[in-house]
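Structure first, then comments.
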Amino acid sequence: MSEDFNDNKTIQAQSSETISGGGGSGLSPDKDYVRPAEISEQDLYHGHSFITKWVFCQDAKVIGVQYFLLATFTGIIGLILSWLMRLQLGFPELAGFMTAEHYYQFVTMHGMIMVVYFLTALFLGGFGNFLIPLMVGARDMVFPYLNMVSFWMFFVAVGVLLASFFVPGGPTGSGWTLYPPQAILEGTPGSGYGIMLMCISLILFVAGFTMGGLNYLITVLQARTRGMTLMRMPLTVWGIFTATVLAMLAFPALLVGALMMSLDNVLGTSFFMPTILKAGEVLEYGGGSPILFQHLFWFFGHPEVYIVALPAFGIISDLISVHARKNIFGYRMMVWAIVGIGALSFFVWAHHMYVSGMNPWFGFFFATTTLIIAVPTAMKVYNWILTLWRGNIRLNTVMLWCLGFIVTFVNGGITGIFLGNVSVDVPLSDTYFVIAHFHMVMGIAPLMVIMGAVYHWFPLVSGRLLDEKLGKWHFWLTFLGAYSIYFPMHYLGFIGVPRRYFEMYDSPYMTSAVGMNEFISIAAFIVGAAQLILMYNIIKTLKVGKPAGHNPWKACSLEWLTPSVPPEHGNWGDKLPIVHRWAYDFSVPGAKEDFITQTTPPSEVANTEVEKT
Amino acid sequence: MHAGIIFFLVILGSVLFHIFTPWYWTDVASNWGGMDDTITLTFWIGGGVFIAVCLFMVYCVFKFSYKEDRKAEYKPEDKKLERILTWATTLGVAALLAPGLIIWNQYVNVPKNAIEIDVMAWQWGWQYRLPGEDGKLGTTKVVNINDDNPFGINLDDPYGNDDVMIQSDVINLENNRPVKILLRSVDVLHNWYVPQFRAKMDAVPGIVTYYWFEPNKVGEFEVLCAEYCGVGHYAMRGGVEVQDKQDYDNWLQQQETFSDLIAKQEILETSKTKLAKK
Amino acid sequence: MSDPKIEGYVLKPGFRGMAEDTGSDQTMFKGVHWGKAMMWIFLLSDTFIFSCFLISYMKGRGSTLIDWPNASEVFGLHVFGVEVPLLLIAIMTFVLITSSGTMALAVKYGYEKNRKMCGWLILATAIGGLTFVGMQAFEWSKLIHEGVRPWENPFGAPQFGSFFFMITGFHGTHVSIGVIFLFIYAYKTFKGHYDEGKRGWFTSMKGDYVEIEILGLYWHFVDLVWVFIFAFFYLW
Ligand code: HEM
Ligand SMILES: [Cu+2]
Ligand SMILES: [Cu+2]
Chain A
0 MSEDFNDNKT
10 IQAQSSETIS
20 GGGGSGLSPD
30 KDYVRPAEIS
40 EQDLYHGHSF
50 ITKWVFCQDA
60 KVIGVQYFLL
70 ATFTGIIGLI
80 LSWLMRLQLG
90 FPELAGFMTA
100 EHYYQFVTMH
110 GMIMVVYFLT
120 ALFLGGFGNF
130 LIPLMVGARD
140 MVFPYLNMVS
150 FWMFFVAVGV
160 LLASFFVPGG
170 PTGSGWTLYP
180 PQAILEGTPG
190 SGYGIMLMCI
200 SLILFVAGFT
210 MGGLNYLITV
220 LQARTRGMTL
230 MRMPLTVWGI
240 FTATVLAMLA
250 FPALLVGALM
260 MSLDNVLGTS
270 FFMPTILKAG
280 EVLEYGGGSP
290 ILFQHLFWFF
300 GHPEVYIVAL
310 PAFGIISDLI
320 SVHARKNIFG
330 YRMMVWAIVG
340 IGALSFFVWA
350 HHMYVSGMNP
360 WFGFFFATTT
370 LIIAVPTAMK
380 VYNWILTLWR
390 GNIRLNTVML
400 WCLGFIVTFV
410 NGGITGIFLG
420 NVSVDVPLSD
430 TYFVIAHFHM
440 VMGIAPLMVI
450 MGAVYHWFPL
460 VSGRLLDEKL
470 GKWHFWLTFL
480 GAYSIYFPMH
490 YLGFIGVPRR
500 YFEMYDSPYM
510 TSAVGMNEFI
520 SIAAFIVGAA
530 QLILMYNIIK
540 TLKVGKPAGH
550 NPWKACSLEW
560 LTPSVPPEHG
570 NWGDKLPIVH
580 RWAYDFSVPG
590 AKEDFITQTT
600 PPSEVANTEV
610 EKT
Chain B
0 MHAGIIFFLV
10 ILGSVLFHIF
20 TPWYWTDVAS
30 NWGGMDDTIT
40 LTFWIGGGVF
50 IAVCLFMVYC
60 VFKFSYKEDR
70 KAEYKPEDKK
80 LERILTWATT
90 LGVAALLAPG
100 LIIWNQYVNV
110 PKNAIEIDVM
120 AWQWGWQYRL
130 PGEDGKLGTT
140 KVVNINDDNP
150 FGINLDDPYG
160 NDDVMIQSDV
170 INLENNRPVK
180 ILLRSVDVLH
190 NWYVPQFRAK
200 MDAVPGIVTY
210 YWFEPNKVGE
220 FEVLCAEYCG
230 VGHYAMRGGV
240 EVQDKQDYDN
250 WLQQQETFSD
260 LIAKQEILET
270 SKTKLAKK
Chain C
0 MSDPKIEGYV
10 LKPGFRGMAE
20 DTGSDQTMFK
30 GVHWGKAMMW
40 IFLLSDTFIF
50 SCFLISYMKG
60 RGSTLIDWPN
70 ASEVFGLHVF
80 GVEVPLLLIA
90 IMTFVLITSS
100 GTMALAVKYG
110 YEKNRKMCGW
120 LILATAIGGL
130 TFVGMQAFEW
140 SKLIHEGVRP
150 WENPFGAPQF
160 GSFFFMITGF
170 HGTHVSIGVI
180 FLFIYAYKTF
190 KGHYDEGKRG
200 WFTSMKGDYV
210 EIEILGLYWH
220 FVDLVWVFIF
230 AFFYLW
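The structure is reproduced here in structure tokens:
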């Protein structure tokens with residue numbers, strides 16, 4: 000077995016060698032000096048067979064791609080479900096095959112898939128695995144084996160989730176919030192097996208995620224390369240790191256909620272079940288509290304929103320900075336904003352419960368904390384646009400996604416202020432205004448980031464550049480389409496149309512919205528179909544795309560500085576990189592080029608105005 | 000350059016849509032006009048920020064798009080600017096929060112003279128109960144509910160006897176008289192929501208929740224269930240008829256009380272036994 | 000273990016030192032093994048799980064309609080014709096806490112490379128844990144015998160049974176997993192895997208005595224949680 004491992008002794012000697020004239024030696028202090036390595040070389044398992052190399056693979060980059068592909072696959076299922084729902088809402092006469100049961104099952108699966116199995120898995124499992132080791136200069140995640148298990152747990156979780164489509168009663172139709180008592184009572188589709196499988200799948204997801212999450216955290220905390228301080232990390236890493244911390248602390252609540260609900264369902268305990276009269280009979284339940292579940296769910300659910308948003312914030316900051324050829328404005332503020340938002344996000348959960356029947360006095364507290372979060376969030380937005388100011392903006396596809404993100408995110412952020420402000424939430428909560436709000440802010444905006452990131456990092460993953468022309472078509476169709484889905488939808492909410500309505504044309508004032516619903520549905524079909532452009536682009540690029548070469552975007556951060564593109568297992572060849580600066584030294588006055596990579600030693604850029612960071 | 004133009008048109012389109020939209024909220028028919036005002040205020044401040052940020056972005060796209068010979072500015076931080084922006088945002092947010100909290104304070108404090116209405120929800124329907132002469136509702140229990148006692152009133156509670164029972168999904172309300180809606184559910188979550196009144200609250204099985212409003216427009220309104228409650232959710236409607244005092248009192252006269260119901264039941268019972276004897 | 004020496008870096012004590020470590024490159028917790036850092040963070044996450052359970056318990060106990068049973072009666076034990084409240088539980092707690100002590104000693108001997116002592120102490124810890132689980136099984140069967148079920152409870156609120164079985168069950172699972180690992184580690188210690196740096200079965204990581212300390216952290220945590228469960232269920 001041992002030949003599968005690095006001969007770690009020899010490499011170790013190399014990477015802990017000190018650069019000439021080290022600190023204590025008493026000679027003139029060398030300004031390129033970086034402390035020697037504290038940690039010995041990581042001992043990596045190199046697979047030989049197909050199975051160990053590509054299936055049960057321990058290389059974080061491959062695991063990242065696996066996560067990415069599986070998450071995208073579930074995301075496509077979520078997208079197809081949304082098409083079916085939009086068909087029902089826009090053209091009910093064409094959706095004769097759909098019953099209310101189907102509709103509610105689709106709503107539920109769509110919501111849960113998109114939030115948990117698509118976005119969370121994709122940002123943390125996908126981008127996290129691929130980028131963290133590269134960006135902090137590690138050879139791999141610290142526990143590659145655990146990392147591999149993490150992905151396969153996710154795989155099983157997805158399998159269980161999808162299996163629920165085929166069990167008697169079908170998948171659960173309880174809404175993605177899974178509120179009891181309704182979730183486990185007849186009258187809701189899938190109240191038997193469906194909800195059971197959902198709970199099991201979530202528990203598996205949490206377990207699998209915990210394994211991955213521990214990896215991300217320890218890699219960032221304990222396995223950075225020489226010279227890589229926390230305040231030199233790209234914001235992408237900061238975003239994913241903070242999101243992982245949130246996940247580690249928020250998922251427990253989901254786990255406990257799911258477990259207790261399973262027990263209510265299977266054993267007949269009454270954690271969440273009060274006395275219930277159903278079809279003239281009093282059920283065997285009694286004394287439980289439905290609102291307790293809501294607290295558990297949202298203690299997970301709100302941080303979950305930021306688990307999706309923070310990596311998006313981080314990634315977008317890097318993309319904007321690289322393509323505007325300008326350092327991210329107010330880096331330190333950005334870091335503190337990410338950390339601050341993360342911390343505050345644990346104190347706002349009950350803003351989803353203003354009209355849930357909880358003690359109304361909580362409203363004051365949670366409205367205040369919620370609006371406080373708006374401040375760091377707004378700061379981030381300002382810093383993004385200030386980064387554009389006096390930049391040298393490449394208007395390529397990546398930048399377009401960034402701009403699209405800013406528009407949709409600001410739009411969704413502003414409507415968040417409506418909903419966070421208790422008494423304004425009262426008329427709007429549980430209406431289409433909410434649907435429009437969260438799709439804009441945590442559906443479309445993160446999607447823009449994902450797309451931007453795909454165009455940005457695809458050359459690193461595959462060594463080829465995606466086609467710009469197709470990319471622009473993809474962007475404009477997606478952006479304009481998605482905006483025209485969700486912008487008008489807010490006004491449905493103003494009319495008072497409640498969410499989760501299978502049909503709504505029997506009320507006089509809702510009939511006025513028929514035209515709008517048709518329009519929205521058509522836009523939704525176009526947006527969905529537009530994603531085929533990306534798939535075509537990827538396939539085409541893999542075959543005949545332009546080779547990207549090293550560092551095609553002229554970025555400063557480490558992931559572009561690997562000896563081979565795409566990077567190999569172990570990332571750095573036989574010598575780990577040494578970091579001398581932050582990841583944003585673009586357009587430094589006096590420098591030869593408009594970027595200085597993180598590994599450039601100070602002596603090479605002696606006469607420039609590099610800030611000491 | 001066209002990218003900037005399209006983004007500009009998107010912003011412009013949003014503003015125009017907002018101004019000319021035929022879809023907007025229904026005329027408010029309760030005292031909660033303040034909620035509308037707060038929304039309008041939020042629209043002004045929030046919309047202003049949205050427009051400002053996006054136009055700034057569009058401007059940058061026009062002004063600073065890539066030129067080979069230009070070099071971007073190098074300026075990692077600007078403490079002063081950041082401080083100004085932080086405080087300005089904080090101020091704006093506070094300006095929105097204050098009216099929100101003031102109205103919420105009214106929302107949770109029910110006026111003394113409000114008439115209490117028991118709204119009972121189940122999958123999938125509504126029914127209502129009003130206090131009788133004594134002005135108090137009798138206490139209830141889910142397990143008491145049966146055909147003879149549709150509201151599950153505790154028989155030993157003297158307040159319950161004169162309660163007015165409305166076994167219909169439409170309730171009448173008196174114009175300009177505050178009502179306190181007491182919500183309960185016998186099975187799952189529901190939410191009694193009339194868009195024109197703006198107010199809503201979930202009905203939670205096991206506890207009684209409440210909210211209040213004062214209708215101020217005579218007319219008929221539709222009640223929607225606004226909390227997902229199973230497959231019948233979208234069809235779970237009810238109605239409200241707001242009337243002037245005169246009409247309302249007339250209507251109230253004709254409603255049955257709990258003791259009426261019991262009496263009726265007893266007559267039925269005795270006639271049944273009589274029949275059986277014969 | 001104590002005061003790692005790091006080339007080119009001066010470790011400072013106190014808050015200053017902490018801030019400096021945070022601001023430094025490579026690692027935030029200087030000289031801390033990856034696995035150990037991981038265990039700490041995992042335990043933090045696990046703390047949230049148990050907190051959610053216990054907070055739910057408080058809320059559930061607060062909102063039931065039927066009275067909560069009297070703990071000292073339900074958990075009483077008939078010994079020699081006398082009703083002794085909380086007897087079993089006192090023994091259980093004692094055993095578990097003692098096993099924490101033996102675990103700590105095992106870690107100490109591990110770092111001293113005293114293979115024999117270390118192995119025996121781990122074994123002792125494992126047996127302590129096993130005893131605990133056994134007594135818990137006894138208590139469960141006693142309660143079940145008396146008619147307590149997750150969904151019903153002859154002594155009062157049915158939620159008592161639900162929470163009791165769920166939370167002690169969840170904790171018991173933690174203990175059982177710990178016991179399994181303790182046995183494996185005892186075997187590995189006796190075999191000398193940690194001395195030779197032999198690779199593990201699954202993870203193929205090289206063996207090191209620090210693993211025993213990591214398992215020790217877990218074990219102490221499980222004990223600590225028990226103290227809370229004890230207080231919440233038996234003393235409240
Ligand atoms: C173009 C793509 C999408 C379309 C057309 C779409 C459409 C819909 C529709 C029609 C509903 C049901 C509304 C209702 O009846 O209440 C819905 C619900 C939802 N969507 Fe999407 N969606 C899309 C993308 C996303 C994304 C990317 C996310 C990720 C955050 C997402 C998250 C949700 C959630 C959480 C719900 C609520 C489910 C529930 O009420 O239980 N959607 N979506
Ligand atoms: Cu939230
Ligand atoms: Cu409903």
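Chains as they are written, first to last, in numbering that gives the first Met the number 0: chain A, 0 to 612; chain B, 0 to 277; chain C, 0 to 235.
Yeah, the Cβ is synthetic: ideal placement off N, Cα and C, and Gly gets one too.
query	result
Cutoff 7 angstroms: A/GLY356 Cβ touching any chain B Cβ	yes
Alpha-carbon to alpha-carbon, A/SER422 and B/LYS111	21 angstroms
Same chain, Cβ closer than 6 angstroms to A/GLY25, neighbours up to 5 away in sequence not counted	Interpretation of A/GLY25 is limited by its pLDDT of 41, a score under 50 that renders its predicted location unreliable; no figure is taken from the coordinates.
Per-residue contacts from A/GLU37 into chain C (C-beta, under 8 angstroms)	ILE5, GLU6, TYR8, GLN25, THR26, LYS29 and GLY30
Any non-hydrogen atom of ligand 1 within 6 angstroms of A/VAL114 CB	yes
Against chain B: residues of the region 207-240 of chain A by CB proximity under 8 angstroms	none
Whether A/PRO576 touches A/THR598 by CB criterion (7 angstroms)	yes
Close beta carbons around C/LEU85, own chain, < 7 angstroms, minus the five adjacent residues each side	SER71, PHE74 and TYR233
Nearest-residue set for ligand 3, Cβ under 6 angstroms from any heavy atom	B/HIS189, B/CYS224, B/GLU226, B/TYR227, B/CYS228, B/HIS232 and B/MET235
Nearest-angstrom Cα separation, counted from C/GLY160 out to C/GLY146	10 angstroms
Minimum Cβ-Cβ distance from A/GLN530 to chain C less than 7 angstroms	no
Cβ neighbour criterion (16 or more within 10 Å) applied to A/GLY127	buried
A/SER81 beta carbon near ligand 1 (any heavy atom closer than 6 angstroms)	yes
Sufficient close CB pairs (3 or more, under 8 angstroms) joining the region 266-283 of chain A to the region 416-434 of chain A	no
Distance cut-off 6 angstroms: A/ALA523 Cβ against heavy atoms of ligand 1	yes
A/ILE434: CB within 6 angstroms of a non-hydrogen atom of ligand 1	yes
Exposed unless 16 or more other CB atoms sit within 10 angstroms - verdict on B/ALA93	exposed
From B/THR41, B/ILE5 and B/GLU72, residue whose alpha carbon lies closest to that of A/ASN391	B/GLU72
Closer than 6 angstroms: A/TRP475 CB and nearest ligand 5 heavy atom	Ligand 5 is not part of this structure, which contains only ligand 1, ligand 2 and ligand 3.
Contact set for C/GLY155: own chain, Cβ-Cβ below 7 angstroms, skip 5 residues either direction	ILE65, ASP66, TRP67 and PRO68
Minimum C-alpha distance to B/ILE38 - residue among B/PRO98, B/ILE116 and B/ASN148	B/PRO98
Cβ neighbours of A/GLN293 in the same chain (closer than 6 angstroms, five flanking residues each side left out)	MET352 and SER355
Cutoff 7 angstroms: A/PRO600 Cβ touching any chain B Cβ	no
Min CB distance A/THR268 to chain C below 7 angstroms	yes
Proximity below 7 angstroms, CB of A/PRO426 to CB of B/ARG197	yes
B/ALA113 versus B/THR208, B/VAL57 and B/GLU213, residue with shortest Cα-Cα distance	B/GLU213
Within chain B, the residues that A/ARG499 reaches when beta carbons sit closer than 7 angstroms	TYR227 and HIS232
Heavy atom of ligand 1 within 6 angstroms of A/TRP175 beta-carbon	yes
Boundaries (first-last residue) of the beta strand (DSSP E) holding B/THR208	208-212
Length at least 3, wholly inside the region 127-207 of chain B: the beta strand (DSSP E) runs in chain order	163-165, 169-173, 178-184 and 189-192
Chain A within 7 angstroms of B/ARG197, Cβ atoms only	yes
Rounded straight-line distance, which links the Cα of A/GLU567 to that of A/GLN65	16 angstroms
Pairwise C-alpha distance: A/PRO302 and C/ILE40	18 angstroms
Heavy atom of ligand 1 within 6 angstroms of A/ARG498 beta-carbon	yes
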